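One structure is given below, encoded as structure tokens.
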Amino acid sequence: MIDLTITITTFSMMVMLFKYFDKINVNNLIAITFNYFTAGTLALSSYLIKNSFIELRTNTNLNLVITALIVGTLFVITFNLYAYSAQKIGITLSTISNKMSMVIPILIGIILFKEEVTFFKIIGIFLAFGAIVFSSKEDKKSKKISQVNIIILFLLFIGQGLADGILNWGQRNILNIENMNLFFTLTFLSAGFAGGLYSFFKIKTSNLIMDNKSVFWGIILGFPNYLTLLYFIKSLKNELFSSYQVFPIVNIGVIVMCTILSVIIFQEKVSIFKRIGVGFGILAILLILL
704 MIDLTITITT FSMMVMLFKY FDKINVNNLI AITFNYFTAG TLALSSYLIK NSFIELRTNT
764 NLNLVITALI VGTLFVITFN LYAYSAQKIG ITLSTISNKM SMVIPILIGI ILFKEEVTFF
824 KIIGIFLAFG AIVFSSKEDK KSKKISQVNI IILFLLFIGQ GLADGILNWG QRNILNIENM
884 NLFFTLTFLS AGFAGGLYSF FKIKTSNLIM DNKSVFWGII LGFPNYLTLL YFIKSLKNEL
944 FSSYQVFPIV NIGVIVMCTI LSVIIFQEKV SIFKRIGVGF GILAILLILL
């Protein structure tokens, strides 16, 4: 339960940082790129504290490298898809597509890993979906959906779901206490290099500027990002919960905590829809934990 609590807390910190970025005009692309390099450096440092460079080769295998590269690439793609869809389509539909993607790792856990499902847990999962819809139902600027936008939302749904599903598969079949931080290193650094290449392209072809403020806050963002992935994997590995319980608990927990923090820190007003969503979310978590 401690691992889940830390995951929800650090994930919520990341969301609050992004809200703050918008207020101080931090460039998200630059910040997210340096965030990945920071998280990768933290993961490598954690690995080398317990292991030598000689053991680095021993704990590295082709499956681990390929999985890390795929997940890292999906991290960058889904982030940019979310940023684009939030601006061009609307925050509501983008958030729903992103959060609803948890159905993919949930189905992977139930079908491939034969995880036990009870009636109350199924009801809890459906309530979690309802909580996501209601919590997101406050964006009045959503634009008319074109066929291209539908494809973007579908790719966001699939990309995030695949990233989570591959992580779930990896933590069962590849990751252990010896190679976990090595996997995180490869995942974050591959995402960082992919983001760096895209940033370089944007700098050359547009008016994007690599300013020190965005670099600084990107480095700050890397700390909770590393901790989120670390304790998220630990939560999945914890025998106390099945993966189909972990995903909705984390998603709903983040929504509830971010709602509370937004009111306290940014004095945001909570709509009736978000209140209903938070209520559904708390009930969903209680049912999933039964």
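Each residue of the sequence shown is one higher than the last, beginning at 704 in the working numbering.
From the three backbone atoms N, C-alpha and C, an ideal C-beta is built for every residue, glycine too.
Owing to the predicted nature of the structure, the values given are computational and were not obtained by experimental measurement.
{"Query": "Assigned secondary structure, Asp914 (DSSP; H/G/I helix, E/B strand, else coil)", "Result": "coil"}
{"Query": "Segments assigned alpha helix (DSSP H), at least 4 residues, entirely inside the stretch 883–954", "Result": "883–908, 915–940"}
{"Query": "Sub-8 Å separation of Val957 and Val729 beta-carbons", "Result": "no"}
{"Query": "CA nearest to the CA of Lys940, picked from Asn801, Phe816, Tyr739, Ala734", "Result": "Phe816"}
{"Query": "Contacts around Ile861, its chain only, beta-carbon distance under 8 Å, and the 5 residues preceding and following it disregarded", "Result": "Ser804, Ile807"}
{"Query": "Alpha carbon of Asp867 to alpha carbon of Ile814, nearest angstrom", "Result": "15 Å"}
{"Query": "Reduced DSSP secondary structure (H/G/I, E/B, other) of Thr763", "Result": "coil"}
{"Query": "Cβ neighbours of Gln874 in the same chain (closer than 6 Å, five flanking residues each side left out)", "Result": "Ile936, Leu939, Lys940"}
{"Query": "Proximity of Ile733 and Ser917 at Cβ, strictly below 8 Å", "Result": "yes"}
{"Query": "For Phe823, the three-state DSSP class (helix, strand or coil)", "Result": "helix"}
{"Query": "CB contact flag (Val774, Ile799, <8 Å)", "Result": "no"}
{"Query": "Element boundaries [alpha helix (DSSP H), containing Ser715]", "Result": "705–727"}
{"Query": "With 16 other Cβ atoms within 10 Å as the buried cut-off, status of Phe969", "Result": "exposed"}
{"Query": "Reduced DSSP category for Ser845 - H, G, I as helix; E, B as strand; rest coil", "Result": "Below a pLDDT of 50, predicted positions are generally treated as unreliable, and Ser845, at 46, falls in that range; the measurement from the model is reported next regardless. Here Ser845 sits in coil by DSSP."}
{"Query": "Alpha carbon of Thr741 to alpha carbon of Gly925, nearest angstrom", "Result": "5 Å"}
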